[in-house]
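One structure is given below, encoded as structure tokens.
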Amino acid sequence: MANSIENIELKTGIRTEDMVLNMGPQHPSTHGVLRLELQLEGEIIKNIIPHIGYLHRCFEKHCEAMTYPQVIPYTDRMDYLASMYNEFGYALAVERLMGIEVPERVEYIRVIMGELQRIASHLVALGTYGADIGAFTPFLFCFRDRERILHLFEITCGARLLYNYIWIGGVSHDLHPDFIRLTREFIKDFRPNLKELNDLLSYNRIFIERTANVGVLPLDTAINYGVSGPNLRASGMKWDLRKDDPYSVYHKFDYNIPIGTGERGKTGDCWDRYFIRVREMEESLKIIEQAIEQIPDGDVTSAIPKRVKPPEGQIYTRVENPRGELGYFIISDGSTSPYRVKVRAPSFVNMEVFPELCKGWMVADVVAILGSIDIVLGEIDR
Amino acid sequence: MKTAEDIFKILKDKFGDAVLEFKNDKPVDPFIIVDPLEVDKICLFLHDDSDLLCDSLMNLSGVDDANGEKIKSATSGEHEISIINGGTLSVWYHIESTKLKHKVTLKTSTPREKPEVVTVTDVWKCAAWHEREAFDLYGIVFLNHPDLRRILMPYDWEFGFPLRKDYKNPEFYQGMKVPY
Numbered sequence: 268m269a270n271s272i273e274n275i276e277l278k279t280g281i282r283t284e285d286m287v288l289n290m291g292p293q294h295p296s297t298h299g300v301l302r303l304e305l306q307l308e309g310e311i312i313k314n315i316i317p318h319i320g321y322l323h324r325c326f327e328k329h330c331e332a333m334t335y336p337q338v339i340p341y342t343d344r345m346d347y348l349a350s351m352y353n354e355f356g357y358a359l360a361v362e363r364l365m366g367i368e369v370p371e372r373v374e375y376i377r378v379i380m381g382e383l384q385r386i387a388s389h390l391v392a393l394g395t396y397g398a399d400i401g402a403f404t405p406f407l408f409c410f411r412d413r414e415r416i417l418h419l420f421e422i423t424c425g426a427r428l429l430y431n432y433i434w435i436g437g438v439s440h441d442l443h444p445d446f447i448r449l450t451r452e453f454i455k456d457f458r459p460n461l462k463e464l465n466d467l468l469s470y471n472r473i474f475i476e477r478t479a480n481v482g483v484l485p486l487d488t489a490i491n492y493g494v495s496g497p498n499l500r501a502s503g504m505k506w507d508l509r510k511d512d513p514y515s516v517y518h519k520f521d522y523n524i525p526i527g528t529g530e531r532g533k534t535g536d537c538w539d540r541y542f543i544r545v546r547e548m549e550e551s552l553k554i555i556e557q558a559i560e561q562i563p564d565g566d567v568t569s570a571i572p573k574r575v576k577p578p579e580g581q582i583y584t585r586v587e588n589p590r591g592e593l594g595y596f597i598i599s600d601g602s603t604s605p606y607r608v609k610v611r612a613p614s615f616v617n618m619e620v621f622p623e624l625c626k627g628w629m630v631a632d633v634v635a636i637l638g639s640i641d642i643v644l645g646e647i648d649r
Numbered sequence: 379m380k381t382a383e384d385i386f387k388i389l390k391d392k393f394g395d396a397v398l399e400f401k402n403d404k405p406v407d408p409f410i411i412v413d414p415l416e417v418d419k420i421c422l423f424l425h426d427d428s429d430l431l432c433d434s435l436m437n438l439s440g441v442d443d444a445n446g447e448k449i450k451s452a453t454s455g456e457h458e459i460s461i462i463n464g465g466t467l468s469v470w471y472h473i474e475s476t477k478l479k480h481k482v483t484l485k486t487s488t489p490r491e492k493p494e495v496v497t498v499t500d501v502w503k504c505a506a507w508h509e510r511e512a513f514d515l516y517g518i519v520f521l522n523h524p525d526l527r528r529i530l531m532p533y534d535w536e537f538g539f540p541l542r543k544d545y546k547n548p549e550f551y552q553g554m555k556v557p558y
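As structure tokens, this is what we get:
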């Protein structure tokens with residue numbers, strides 16, 4: 268360690284000090300308005316202090332002034348890349364609190380929508396991750412495919428991003444007559460596109476050099492920090508709430524839970540976190556294929572209650588959102604509006620481990636690590 | 379795998395008076411009420427004990443119980459209650475074991491005038507931000523917390539804690555009129 272900073276200071280008498288660099292809140296690769304205070308020693312990260320809250324609108328306070336069904340459009344606006352799943356989780360929590368049985372067709376529609384949403388969300392994650400690191404073409408390819416999913420959502424409920432589609436006890440509209448045909452066509456076209464994405468980005472030498480072995484998240488740290496979803500699975504734990512805390516009709520389908528294996532570097536590095544999402548899209552395609560084969564007929568609005576007035580009590584319900592464990596903690600005081608809604612946002616918890624991942628890496632790696640966690644600021648700040 | 383009642387019995391044997399009560403009325407999820415100043419020891423035991431192994435904190439949330447004396451203001455329009463005197467604030471912990479697949483819910487209540495709960499950051503690192511959020515929005519002080527600052531609200535916010543039931547919007551914030 269002849270050239271360590273302490274030695275140089277001793278020899279030359281020149282004093283060195285840490286530099287503080289602000290990244291954001293308007294930095295394009297922070298995926299929104301996030302400010303990172305980087306404490307640097309040269310170009311090495313010593314510590315990172317994330318400053319969040321720029322999008323805070325106190326969603327939880329709004330809920331207390333709304334009736335239960337009125338909360339649903341607000342849940343859309345938390346994780347705006349996975350709105351369907353936010354509605355799904357909220358509707359599930361209120362239904363469990365009230366003891367509503369949902370018709371089977373509704374459950375199938377929810378699963379199909381949820382998995383399509385997972386693919387759409389992962390496509391944004393992967394596309395922007397490539398763009399962050401300097402590969403711009405895959406970004407356009409991903410958005411081309413995502414556009415077709417948004418079109419499917421649009422013919423179903425009229426909206427492309429913020430749906431208000433999944434309601435307590437049902438869904439707002441039945442499927443469009445063309446929906447099944449268009450979904451089949453999408454799946455048929457999307458499989459080759461996935462291979463194309465792999466050739467273009469996943470196995471690209473430059474991309475692997477930037478991401479493999481970078482920002483390794485060990486499994487015990489991940490669990491202690493409450494990391495969930497693809498980030499936890501990339502660290503090598505087979506944990507998916509669709510299997511481990513089953514809800515809806517997921518038990519009827521045959522699919523695998525991909526986990527990180529350290530194929531290109533160490534288990535739990537950025538490349539693993541990236542590639543787990545590619546593999547999850549394949550599994551989601553399998554689920555959608557089976558669901559559109561098996562979907563029964565029936566009325567989708569029959570179980571929607573006229574008046575949502577749950578009994579007094581509290582419930583914590585969680586679903587596997589594209590980003591991880593999305594939990595709703597709802598306290599009811601027996602009236603028509605919730606007494607307390609707390610959202611356990613997966614990005615909020617995943618973000619907390621981020622400073623740990625970055626310590627000892629270079630400034631350029633911060634972008635690679637942040638992109639691999641896949642955060643949505645709308646959900647962190649709520 | 380253990381039920382909530384089994385876990386309550388284990389905790390009651392170990393901690394005695396610090397574990398206050400077990401509630402299990404449908405449709406409410408069963409929960410255990412514990413002492414706010416002993417909660418860190420209870421959580422550490424839950425985390426370390428080989429029969430319990432609760433390695434994951436799913437969620438931590440503050441709640442305003444609003445069970446104190448409510449003083450209504452004369453000029454009440456939208457907000458009926460202007461001040462709540464006395465009563466408690468609560469913190470709920472949703473804990474699970476990913477290995478043994480059981481869950482347990484803890485609740486602890488602390489007086490509204492001096493809300494103090496011991497931090498569980500030493501047990502689960504992810505509690506740090508959850509606790510900062512509860513501090514930010516409810517004003518619950520977590521003793522021994524490594525970094526208790528506001529997290530979602532602006533750092534210079536001095537108009538109270540927004541999720542309390544008796545919170546009132548300020549008229550001006552840094553020269554800007556608040557209800558626009």
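Chains as they are written, first to last, in our numbering: chain Y, 268 to 649; chain X, 379 to 558.
Don't be surprised by glycine CBs; every beta carbon is placed ideally from N, CA and C.
Discussion item. Counting only C-beta atoms, is Y/Trp628 closer than 8 angstroms to chain X at any point?
Written reply: So, not an interface residue.
Worksheet item: Looking at X/Asp418 and X/Val498, is the spacing between their C-beta atoms short of 8 angstroms?
Response: Yes, Cβ-Cβ distance for X/Val498 and X/Asp418 is below 8 angstroms.
Worksheet entry | Straight-line Cα distance separating Y/His440 from Y/Thr423 | Cα atoms of Y/Thr423 and Y/His440: separation of roughly 7 angstroms, rounded to the nearest angstrom.
Discussion item. Considering Cα atoms alone, identify which of Y/Ile490, Y/Tyr595, Y/Met548 is closest to X/Leu435.
Written reply: For the set Y/Ile490, Y/Tyr595, Y/Met548, the Cα lying nearest the Cα of X/Leu435 is the one of Y/Ile490.
Practice prompt. Would you please state the rounded distance, in angstroms, between the beta carbons of Y/Lys290 and Y/Thr297? I believe it to be under 8 angstroms.
Written response: It should be pointed out that residue 290 of chain Y corresponds to Met in this sequence rather than to Lys. About 7 angstroms separates the beta carbon of Y/Met290 from that of Y/Thr297, a gap short enough to meet the 8 angstroms contact definition.
Fill in: Interface residues of chain Y facing X/Ile529 [CB-CB closer than 8 angstroms]
Residues of chain Y passing the Cβ test: Ile319, Gly320.
Discussion item. Assuming Y/Asp445 and Y/Asn480 are in contact, meaning their beta carbons sit under 8 angstroms apart, how far apart are those beta carbons, in whole angstroms?
Written reply: No, Y/Asp445 and Y/Asn480 are not in contact; Cβ-Cβ is about 46 angstroms, not under 8 angstroms.
Discussion item. Quick test of your reading: Y/Val338 and Y/Cys330, contact by CB under 8 angstroms. State the CB separation rounded to the nearest angstrom.
Written reply: At roughly 5 angstroms, the Cβ-Cβ gap stays under 8 angstroms, so Y/Val338 and Y/Cys330 are in contact.
Discussion item. I'd like to know if the segment 336-352 of chain Y and the segment 578-593 of chain Y are in contact, where contact means that at least 3 CB-CB pairs between them fall below 8 angstroms.
Written reply: Yes, since at least three Cβ pairs between the segment 336-352 of chain Y and the segment 578-593 of chain Y fall closer than 8 angstroms, the two stretches touch.
Item to complete: Flag Y/Gln581 as yes if its beta-carbon sits less than 8 angstroms from any beta-carbon of chain X, otherwise no.
Response: Answer yes: the Cβ-Cβ gap between Y/Gln581 and chain X drops below 8 angstroms somewhere.
Practice prompt. Can you give me the Cβ contacts of X/Asp407 inside the same chain, cut-off strictly under 7 angstroms, excluding the 5 residues immediately before and after it?
Written response: These residues qualify, in order along the chain: Thr483.
Worksheet item: For Y/Val633, which three-state DSSP category applies?
Response: Three-state DSSP puts Y/Val633 in a helix.
Worksheet item: How big is the Cα-Cα spacing for Y/Lys462 and X/Ala512?
Response: Looking at the backbone, the Cα of Y/Lys462 and that of X/Ala512 are separated by about 45 angstroms.
Worksheet item: Apart from the five residues just before and just after Y/Ile555, which ones in its own chain have a Cβ nearer than 7 angstroms to its Cβ?
Response: If you ignore the 5 residues before and after Y/Ile555, its C-beta comes within less than 7 angstroms of the C-beta of Ile379, Glu382, Leu383, Thr450, Ile454, all in its own chain and listed in chain order.
Worksheet item: Three or more C-beta pairs closer than 8 angstroms, one from the segment 564-575 of chain Y and one from the segment 370-378 of chain Y: is that the case here?
Response: Enough Cβ pairs lie closer than 8 angstroms, so yes.
Worksheet item: Per DSSP, what kind of secondary structure is Y/Ile281 in: helix, strand or coil?
Response: In the three-state scheme derived from DSSP, where H, G and I count as helix and E and B as strand, Y/Ile281 is classed as coil.
Item to complete: Have a look at X/Met554, X/Glu383, X/Gly440, X/Leu431 and flag the residue whose alpha-carbon is nearest the alpha-carbon of X/Pro414.
Response: X/Pro414 has its Cα closest to that of X/Gly440, out of X/Met554, X/Glu383, X/Gly440, X/Leu431.
Item to complete: Tell me, please, which residues DSSP counts as bridged to X/Gly529.
Response: The question names Gly, but residue 529 of chain X in the sequence shown is Ile. Beta-bridge pairing links X/Ile529 to no other residue.
Practice prompt. Please classify Y/Leu428: is it buried, with 16 or more other beta-carbons within 10 angstroms of its beta-carbon, or exposed?
Written response: Answer is exposed; the Cβ neighbour count stays below 16.
Discussion item. Does Y/Phe408 come out as helix, strand or coil in the three-state DSSP assignment?
Written reply: It is helical.
Fill in: Segments assigned beta strand (DSSP E), at least 3 residues, entirely inside the segment 360-447 of chain Y
Runs of the beta strand (DSSP E) inside the segment 360-447 of chain Y: none found.
Fill in: Beta-carbon spacing of Y/Ala210, Y/Leu468 below 8 angstroms
The question about residue 210 of chain Y has no answer, for chain Y in this structure spans 268 to 649.
Practice prompt. Please name the residue or residues paired with X/Leu438 in a DSSP beta bridge.
Written response: The partner list for X/Leu438 (beta bridge, DSSP) reads X/Tyr471.
Fill in: Y/Lys505 burial status per 10 Å Cβ neighbour count (16 or more: buried)
With fewer than 16 neighbouring CB atoms inside 10 Å of its own CB, Y/Lys505 falls in the exposed class.
Discussion item. Please report the straight-line C-alpha distance between Y/Arg540 and Y/Ser502, rounded to a whole angstrom.
Written reply: Looking at the backbone, the Cα of Y/Arg540 and that of Y/Ser502 are separated by about 8 angstroms.
Worksheet item: Got a sec: is the Cβ-Cβ distance from Y/Lys505 to anything in chain X below 8 angstroms?
Response: No - not a single Cβ of chain X is within 8 angstroms of the one on Y/Lys505.
Worksheet item: Roughly how many angstroms separate the alpha carbons of Y/Ile316 and Y/Ser602, rounded to a whole number?
Response: Approximately 41 angstroms between the Cα atoms of the pair.
Discussion item. Below 7 angstroms on C-beta distance, what does Y/His323 contact in chain X?
Written reply: Correct list: Leu530, Met531.
Worksheet entry | Segment limits, alpha helix (DSSP H) that includes X/Glu511 | Run containing X/Glu511: 505-516, per the alpha helix (DSSP H) assignment.
Fill in: C-alpha distance - X/Gly465 paired with Y/Cys409, whole-angstrom precision
Each residue's alpha carbon lies about 53 angstroms from the other.
Discussion item. Rounded to whole angstroms, what is the Cα-Cα separation between X/Lys392 and X/Phe423?
Written reply: Approximately 9 angstroms between the Cα atoms of the pair.
Discussion item. I want to verify the contact list: residues of chain Y whose CB lies under 9 angstroms from the CB of X/Lys503, in sequence order.
Written reply: Here the neighbours are Thr488, Asn491, Tyr492, Gly493, Glu619, Val620, Glu623.
Worksheet item: Nearest-angstrom Cα distance between X/Ile388 and X/Ser487?
Response: Taking the straight line from one Cα to the other gives about 21 angstroms.
Practice prompt. Taking only the alpha-carbon atoms, compute the straight-line gap between X/Ile410 and Y/Ile447 and give it to the nearest angstrom.
Written response: Using only the alpha carbons, I get a separation of about 48 angstroms.
Item to complete: Consult DSSP for X/Val556 and reduce its assignment to one of helix, strand or coil.
Response: Reduced to three states, the DSSP call for X/Val556 is coil.
Practice prompt. Any chance you could list the beta strand (DSSP E) runs of at least 3 consecutive residues sitting entirely within the segment 557-640 of chain Y, in chain order?
Written response: DSSP runs (the beta strand (DSSP E)) wholly in the segment 557-640 of chain Y: 580-588, 591-599, 607-611.
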